[in-house]
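Step one of this worksheet: look at the structure below.
Numbering (my numbering), first residue to last: 567 to 691.
See the structure below:
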């Protein structure tokens, strides 16, 4: 099993994963996500085709003035959905954190330097 990270830029996209509302300047780390039991991993990156049976961690970026980050969920990818357009969608056993956990500190920011914006799916070594 391998581990991957996907980034969701909430400010750019205007919504949170799972169609949660996102009012401006909302603190994502206080959202009650108890009703969220799944979401799909969507990406245009071809690496998704290698991730079936692997875990994808979803990191959410939020707060337009000073960007903050939270671990939203992790999903064990079990199947691909019928493609729509350029994106590939995958679903599986998903755990959404309630509330999402803020990611901060030197280790996180060192790790973040490896991201390929705006959307990424990277394999963690």
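Where a beta carbon is used, it is the ideal one built from N, C-alpha and C, also for glycine.
All values derive from a computational prediction rather than experimental measurement.
*Jot down the residue ranges of each uninterrupted beta strand (DSSP E) in the segment 604-657, minimum 3 residues, whole runs only, in chain order.*
607-609, 621-628 and 634-646
*asked:* Tell me whether the segment 642-649 and the segment 572-579 touch, counting them as touching only if at least three CB pairs, one residue from each stretch, are closer than 8 Å.
replied: no
*Is the segment 595-607 touching the segment 656-668 in the sense that three or more CB pairs, one from each, lie closer than 8 Å?*
yes
_Delimiting residues of the beta strand (DSSP E) encompassing residue 573_ = 569-575
*Which value, in whole angstroms, describes the spacing of the CA atoms of residue 580 and residue 621?*
25 Å
*For residue 579, three-class secondary structure by DSSP*: helix
*asked:* Give me the residue from 637, 585 and 658 with the minimum Cα distance to residue 647.
replied: 658
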